[in-house]
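Since the structure comes first, as structure tokens, the remarks are kept for the end.
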Amino acid sequence: MPGKCLLKEADGAYMLRTKALLRKTLGNRRKEISLKLLAELIPVEMSKYRKIG
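Residue numbers 34 to 86, in the numbering used here, belong to the letters of the sequence shown in order.
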């Protein structure tokens, strides 16, 4: 996976990328929605990557 090596070095970069991706997906909807999604998505994604790596 392309993001795997990057993750080991910087979780922050991955989070920012995810945030940008979400923003693109959601467009300019209310911030609460994207923040809520981020709060739910990031821990799940991070645990997935940690299991792989």
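Idealized CB from N, CA, C, for every residue including glycine.
Note that the coordinates shown come from a computational prediction; the quantities given were computed from them, not determined experimentally.
How about residue i and residue j: are their beta carbons less than 7 Å apart?
i     : j     : result
LEU55 : LEU70 : yes
Can you grab the Cα-Cα spacing for the pair residue i / residue j, in whole Å?
i     : j     : result
THR51 : ILE75 : 8 Å
ALA46 : MET79 : 12 Å
LYS57 : ALA72 : 17 Å
ALA53 : VAL77 : 17 Å
LYS84 : LEU68 : 25 Å
The ligand ATP and residue i: does the residue's C-beta get closer than 6 Å to at least one heavy atom of that ligand?
i     : result
THR51 : This structure simply doesn't include the ligand ATP, nor any ligand for that matter.
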